[in-house]
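**Q**
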Amino acid sequence: MTSEEEARALLSEAKDVANCDPDTYHRDFLLANEGDDVELRYKAQKVEFHSHILTELNITLTEQLQGFLADIRESDEAESKDQARQILPYDVDNYNHSPTPIQYINEDDVSRSDLVSEFLNHLTVNNVTDFSTVDDTVCQVFRIKDNFSPDLVAFRVFTKKQIVGSNYRVKITTFGNQEYNKLEENPVALPDYFDFIHYDGMFFVFHPGNFEKILDHFETYKKDAAEVFGHLEDSNINISDYRGFKNTVQKSNNALRRMRRVRKRGKYKNLTRDTVEQLISEWQLDVGVSKNDEGVWEIKLDDLRNAGDILKILDDDLAVSGMDVISDTENEEKYIVKGGKETLT
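For the sequence shown, the working numbering assigns the number 29 to the initial residue and increments by one for each residue that follows.
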């Protein structure tokens, strides 16, 4: 497994490549469009930018990487690590950290890295396009290549907001005797940052939400959710509107991320009725515990908007101990503070 120090060294190497000599490396700019083949990989199409635009993109990427590396160095010297930018292995627990950490993950650990295989492995892309039809464009890709392969590949999610004037009419404006005609074509705003890069078999992620979107990383979280659902269906943990709860989780990106954490921690496997009742009471959750028509206890979910409360119960910090095995007041107080108040803030 790659250590944080090794990842930092790789990121520094990537910065050096970004700060490249144009005589040594070649550059291109591509759009990734939804594929229509059986494997649904993204289809690469080249945008023929002038060399000075490619140079601007090169500068943007270099400055972004330099800034991140400077933040990490400053973090090494910071007295409070809570306010320091870190470089960490990719994990859902890092999602809401501030400042956002730089995360890294090996290409082989990304289940749908094949989506971008054409961008990572193919030196030349012959299909040429422009920004006139972008309805199926997922992201834009800036590459720095040697004579054998793409060396550094940077990704940025694409939105139509980059097409200036796409959402409104650009009116003719007059000033004195000067008249400014509207542009015949909508100009395109260049990326001013990148969401993640690929270098030497490693993805370095700066904006995890966009990384997950482009590489369909939610498929991994869906597998985690399926494992948790399987346990719930085989266990004595009952939820009154289980089908609605399951459907709600499967449709929510945030809930799926939470299910990765739930599955990884595994505390849900040791929940008891006493634990559930205690947590509902202490956290003042909008769910309850009751008996169904068969006389079996269940978590009462009357409103699917409260499905997140059940995730909080499943993700309890100390559920493995169970309230039923806590024998004294001191331990009970520690359980409540650790499992409830700190976990959910």
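Just so you know, even glycine gets a beta-carbon here, dropped at the ideal spot from N, CA and C.
This structure is a prediction, so every number in the text was calculated from the model and none was measured.
1. Per the contact definition of three or more C-beta pairs closer than 8 Å, is the segment 43–60 in contact with the segment 124–139?
2. I need the straight-line Cα distance from P127 to R113, nearest angstrom please.
3. Taking the alpha-carbon positions, what's the L329 to L339 distance?
4. Name, in chain order, the residues that DSSP records as bridge partners for R55.
5. Counting along the chain, where does the beta strand (DSSP E) carrying K74 start and finish?
6. For A283, which residues from the same chain have a beta carbon less than 6 Å from its beta carbon, with the 5 sequence-adjacent residues on both sides left out?
7. Indicate the three-state DSSP secondary structure (helix, strand or coil) for S280 in the structure shown.
8. Taking the alpha helix (DSSP H) that K250 falls in, what are its first and last residues?
9. State the Cα-Cα distance for the pair V166 and K71, rounded to the nearest angstrom.
10. Any heavy atom of the ligand SAM closer than 7 Å to the CB of D223?
11. Rounded to the nearest angstrom, what separates V233 and D321 at their Cα positions?
12. If we count Cβ pairs, one from each stretch, closer than 8 Å, do we get three or more for the segment 290–299 versus the segment 246–262?
13. Would you grab the beta carbon distance between D343 and L313 for me? Rounded to a whole angstrom, and I think it's under 8 Å.
14. When you compare each of W325, G272 and V185 to V162 by their alpha carbons, which one comes out closest?
15. Checking 8 Å against the spacing of the C-beta atoms, do D220 and N238 come in under that value?
16. Is D179 helix, strand or coil by DSSP?
17. Please list, in chain order, all residues of the same chain as N281 whose beta carbon is under 7 Å from its beta carbon, the five residues on each side excluded.
18. Since S2 is in the alpha helix (DSSP H), which residue starts that stretch and which ends it?
19. Assign A60 to one of two classes, buried (16 or more other C-beta atoms within 10 Å of its C-beta) or exposed (fewer than that).
20. Which term fits P50, buried or exposed, when burial requires 16 or more other beta carbons within 10 angstroms of its beta carbon?
21. Go ahead and label V304 buried or exposed: buried means 16 or more other beta carbons lie within 10 angstroms of its beta carbon, across all protein chains shown.
22. How far does the alpha helix (DSSP H) with L332 in it extend, from its first residue to its last?
23. Our contact map puts Y249 next to R285 with C-beta atoms below 8 Å; I'd like the distance itself, whole angstroms only.
24. Just mark F170 as buried or exposed, buried being the case when its beta carbon has 16 or more other beta carbons within 10 Å.
25. For L68 versus V153, is the C-beta spacing smaller than 8 Å?
26. What whole-angstrom Cβ distance do T30 and Y132 have, given they're in contact under 8 Å?
27. Grab me the residues of N122's own chain with a C-beta within less than 7 Å of its C-beta, minus the 5 sequence neighbours each way, in chain order.
28. Verify whether the separation of the beta carbon atoms of L97 and M230 is less than 8 Å.
29. Going by DSSP, what residue range makes up the alpha helix (DSSP H) through F231?
30. Starting from I242, trace the alpha helix (DSSP H) in both directions and tell me its first and last residue.
31. Could you tell me whether the Cβ atoms of N266 and E326 are closer together than 8 Å?
32. Roughly how many angstroms lie between the CA atoms of L143 and D64, to the nearest whole one?
33. Using three-state DSSP, classify A217 as helix, strand or coil.
34. Are the beta-carbon atoms of I172 and Y53 separated by less than 8 Å?
35. Quick check on DSSP: helix, strand or coil for L151?
36. If you follow the alpha helix (DSSP H) that Q306 is part of, which residue opens it and which one closes it?
**A** Walking through what the data contain:
1. Not touching, per the Cβ criterion.
2. Mapped onto the sequence shown, residue 127 falls at position 99. Mapped onto the sequence shown, residue 113 falls at position 85. In this structure, the CA atom of P127 is about 6 Å from the CA atom of R113.
3. Counting from 1 along the sequence shown, the entry for residue 329 is found at position 301. Counting from 1 along the sequence shown, the entry for residue 339 is found at position 311. Cα-Cα distance, rounded: 12 Å.
4. Reading the sequence shown from its first residue, position 27 is the one you call residue 55. For R55, which the question treats as bridged, DSSP gives the partners I172.
5. Translated into the one-based positions of the sequence shown, residue 74 becomes position 46. Counting along the chain, the beta strand (DSSP E) containing K74 begins and ends at K71 to V75.
6. For the purposes of this step, residue 283 is taken as residue 255 along the sequence shown, with counting starting at 1. Contacts found: V277.
7. Numbered from 1 along the sequence shown, position 252 holds the residue referred to as residue 280. In this structure, S280 counts as coil in the three-state DSSP scheme.
8. Taking the sequence shown and counting its residues from 1, one reaches residue 250 at position 222. For K250, the enclosing alpha helix (DSSP H) has its first and last residue at F246 to D262.
9. Sequence index remark: in the sequence shown, residue 166 carries index 138 (1-based). Sequence index remark: in the sequence shown, residue 71 carries index 43 (1-based). Those two C-alpha atoms are separated by around 10 Å.
10. The ligand content of the structure shown is nil, which means the ligand SAM is not present either.
11. The residue you call residue 233 lines up with position 205 of the sequence shown. The residue you call residue 321 lines up with position 293 of the sequence shown. Distance from the CA atom of V233 to the CA atom of D321, rounded to whole angstroms, is 49 Å.
12. Under the 8 Å Cβ criterion, the segment 290–299 counts as touching the segment 246–262, having at least three qualifying pairs.
13. What you label residue 343 is simply residue 315 of the sequence shown in a count that begins at 1. What you label residue 313 is simply residue 285 of the sequence shown in a count that begins at 1. Rounded, the Cβ-Cβ distance is 13 Å, inconsistent with contact.
14. One-based indexing of the sequence shown puts residue 162 at position 134. The candidate whose alpha carbon is nearest that of V162 is V185.
15. By one-based count along the sequence shown, residue 220 stands at place 192. By one-based count along the sequence shown, residue 238 stands at place 210. No, the Cβ-Cβ distance between D220 and N238 is not below 8 Å.
16. Looking up residue 179 in the sequence shown gives position 151. Judged by DSSP in its simplified three-state form, D179 adopts strand.
17. For the purposes of this step, residue 281 is taken as residue 253 along the sequence shown, with counting starting at 1. Cβ neighbours of N281 beyond the five flanking positions: F246.
18. Residue 2 is absent from the model: the chain starts at 29 and stops at 373.
19. Reading the sequence shown from its first residue, position 32 is the one you call residue 60. Classification of A60: buried, given that the 10 Å Cβ count is 16 or more.
20. Counting from one through the sequence shown, the residue named residue 50 turns up at place 22. With a 10 Å radius around the Cβ and a threshold of 16 neighbouring Cβ atoms, P50 comes out exposed.
21. Residue 304 sits at position 276 when you count from the first residue of the sequence shown. The residue is buried, with at least 16 neighbouring Cβ atoms inside 10 Å.
22. For the purposes of this step, residue 332 is taken as the residue at position 304 of the sequence shown. Element bounds for L332: n/a, residue is neither H nor E.
23. Indexing the sequence shown from 1 puts residue 249 at position 221. Indexing the sequence shown from 1 puts residue 285 at position 257. About 6 Å separates the beta carbon of Y249 from that of R285, a gap short enough to meet the 8 Å contact definition.
24. What you label residue 170 is simply residue 142 of the sequence shown in a count that begins at 1. Buried, by the Cβ-count rule.
25. As a position in the sequence shown, residue 68 is number 40, starting the count at 1. As a position in the sequence shown, residue 153 is number 125, starting the count at 1. Against a cut-off of 8 Å, the Cβ pair of V153 and L68 comes out as no contact.
26. Locating residue 30 in the sequence shown gives position 2, where the first residue counts as 1. Locating residue 132 in the sequence shown gives position 104, where the first residue counts as 1. Confirmed, Cβ separation roughly 7 Å.
27. Taking the first residue of the sequence shown as position 1, residue 122 is located at position 94. Non-local beta-carbon contacts of N122 in its own chain, meaning distances under 7 Å to residues more than five positions away in sequence, involve L116, P129 and Q131 in chain order.
28. The sequence position of residue 97 within the sequence shown is 69, counting from 1. The sequence position of residue 230 within the sequence shown is 202, counting from 1. No, the pair does not count as a contact, with Cβ atoms beyond the cut-off.
29. Position 203 of the sequence shown, counting from 1, holds the residue named residue 231. Careful: F231 lies outside any alpha helix (DSSP H), inside the beta strand (DSSP E) at M230 to V233.
30. Here residue 242 refers to the residue found at position 214 when the sequence shown is read from its first residue. Looking at the DSSP string, the run of the alpha helix (DSSP H) that includes I242 is P236 to I242.
31. Translated into positions along the sequence shown, residue 266 becomes position 238. Translated into positions along the sequence shown, residue 326 becomes position 298. Contact: yes.
32. Start at 1 with the first residue of the sequence shown, and residue 143 comes out as number 115. Start at 1 with the first residue of the sequence shown, and residue 64 comes out as number 36. Each residue's alpha carbon lies about 12 Å from the other.
33. For this step, residue 217 is matched to residue 189 along the sequence shown. Coil at A217, not helix or strand.
34. The count along the sequence shown starts at 1 and reaches residue 172 at position 144. The count along the sequence shown starts at 1 and reaches residue 53 at position 25. Going by C-beta atoms, I172 is nearer than 8 Å to Y53.
35. Residue 151 sits at position 123 when you count from the first residue of the sequence shown. Here L151 sits in coil by DSSP.
36. Start at 1 with the first residue of the sequence shown, and residue 306 comes out as number 278. Where Q306 is concerned, the enclosing alpha helix (DSSP H) starts and stops at R301 to W311.
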